Amino acid sequence: GNSVTQMEGPVTLSEEAFLTINCTYTATGYPSLFWYVQYPGEGLQLLLKATKADDKGSNKGFEATYRKETTSFHLEKGSVQVSDSAVYFCALSGSTGFQKLVFGTGTRLLVSP
Amino acid sequence: NAGVTQTPKFQVLKTGQSMTLQCAQDMNHEYMSWYRQDPGMGLRLIHYSVGAGITDQGEVPNGYNVSRSTTEDFPLRLLSAAPSQTSVYFCASSSRTSGSGREQYFGPGTRLTVT
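Protein chains in written order, with the numbering used here: chain E, 1 to 113; chain Y, 114 to 228.
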């Protein structure tokens with residue numbers, strides 16, 4: 001079945017550092033790929049997505065590129081802020097019907113001033 | 114626009130008790146779903162619905178019931194609570210017409226503890 005593997009956290013960075021959170025997936029067909037973010041005490045929000053190979057999703061300075069050859073969708077940001085501290089989830093879905101989301105285990109990011 | 118709302122925010126139950134977690138959305142979304150979030154396991158799908166009167170099981174449906182009598186509401190029932198159901202529960206909704214890469218909108222969650 002479909003699955004998502006992402007790096008374990010926590011990831012601890014200083015403000016303005018470069019961020020990479022690795023995500024790889026296993027899926028049949030042509031899934032869509034997502035990064036969701038969960039701020040403390042809140043539900044998940046969509047951060048960015050990509051629906052086909054070589055697509056780059058971007059939002060709020062975060063980027064991720066859909067790499068079919070390496071089955072990866074790594075999240076990057078050039079300069080993190082304290083306000084980026086949150087849990088980040090990589091997820092995939094099929095492209096038809098209900099499009100059930102399959103999540104990775106989440107990576108906690110802690111950014112210190 | 115309230116989006117997806119869930120009640121209660123927190124709940125403590127004793128083993129064997131039953132309760133209903135409420136979920137409502139005001140975006141006229143056809144699809145609704147329930148997930149549970151456990152440490153080290155991400156979110157797992159419990160049940161989902163593709164429209165009023167239509168529900169189906171997800172990855173971890175045992176011990177839970179759902180029904181969808183209206184587009185807006187999708188309650189989750191715990192029939193006889195067990196400690197293994199201690200978790201954070203999230204309701205989500207999405208639009209059928211969004212095409213591929215459909216965004217799901219999540220509620221703020223219900224933290225449930227079963228003692």
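By construction, the Cβ of each residue, glycine as well, lies at the ideal position given by its N, Cα and C atoms.
For clarity, every value in this text was computed on a predicted model and none was experimentally measured.
Check                                                                                                                               : Outcome
Nearest neighbour of S207 (chain Y), chosen from Y:Y218, Y:Q198, Y:S197 and Y:V201 [CA to CA]                                       : Y:Y218
The beta strand (DSSP E) enclosing F187 (chain Y), as first and last residue numbers                                                : Counting along the chain, F187 (chain Y) falls outside any beta strand (DSSP E), and DSSP gives it neither H nor E.
Neighbouring residues, chain Y, relative to T105 (chain E) (Cβ below 8 Å)                                                           : G153, M154 and G155
Beta-carbon contacts of D55 (chain E) that lie in its chain and below 8 Å, excluding the five residues immediately before and after : T65 and Y66
Whole-angstrom distance between T24 (chain E) and T70 (chain E), CA atom to CA atom                                                 : 8 Å
Partner residues on chain Y for F187 (chain E), Cβ-Cβ distance less than 7 Å                                                        : No answer is possible for residue 187 (chain E): it lies beyond the span of chain E, which begins at 1 and ends at 113.
Spatial neighbours of P31 (chain E) in its chain, beta-carbon cut-off 8 Å, leaving aside the 5 residues before and after            : N2, Y25, L92, S93, G94 and S95
Residue-level contact to chain E via CB, G166 (chain Y), 9 Å cutoff                                                                 : no
Closest Cα partner of L101 (chain E) within the set Y:G153, Y:P152 and Y:H160                                                       : Y:H160
Span of the beta strand (DSSP E), counted from its first residue to its last, around M145 (chain Y)                                 : Y144 to Q150
Per-residue DSSP class, three states only, for V179 (chain Y)                                                                       : strand
Under the three-state DSSP convention, the category T210 (chain Y) falls into                                                       : helix
Distance between T128 (chain Y) and V87 (chain E) (C-alpha atoms, nearest Å)                                                        : 30 Å
Rounded separation between Q104 (chain E) and Q130 (chain Y) - CA only                                                              : Checking the displayed sequence, the identity of residue 104 (chain E) turns out to be Gly instead of Gln. Spanning the two alpha carbons is a distance of roughly 31 Å.
Amino acids of chain E, ordered along the chain, whose beta-carbon sits closer than 7 Å to that of Q217 (chain Y)                   : L101
Inter-residue CB distance, F62 (chain E) and Y144 (chain Y) (contact presumed, cutoff 8 Å)                                          : Contact flag wrong, Cβ pair sits at about 26 Å.
Neighbour list for G220 (chain Y) in chain E, Cβ cutoff strictly below 9 Å                                                          : G43
Own chain, CB closer than 6 Å to R224 (chain Y), minus 5 neighbours either side, in chain order                                     : F123 and V201
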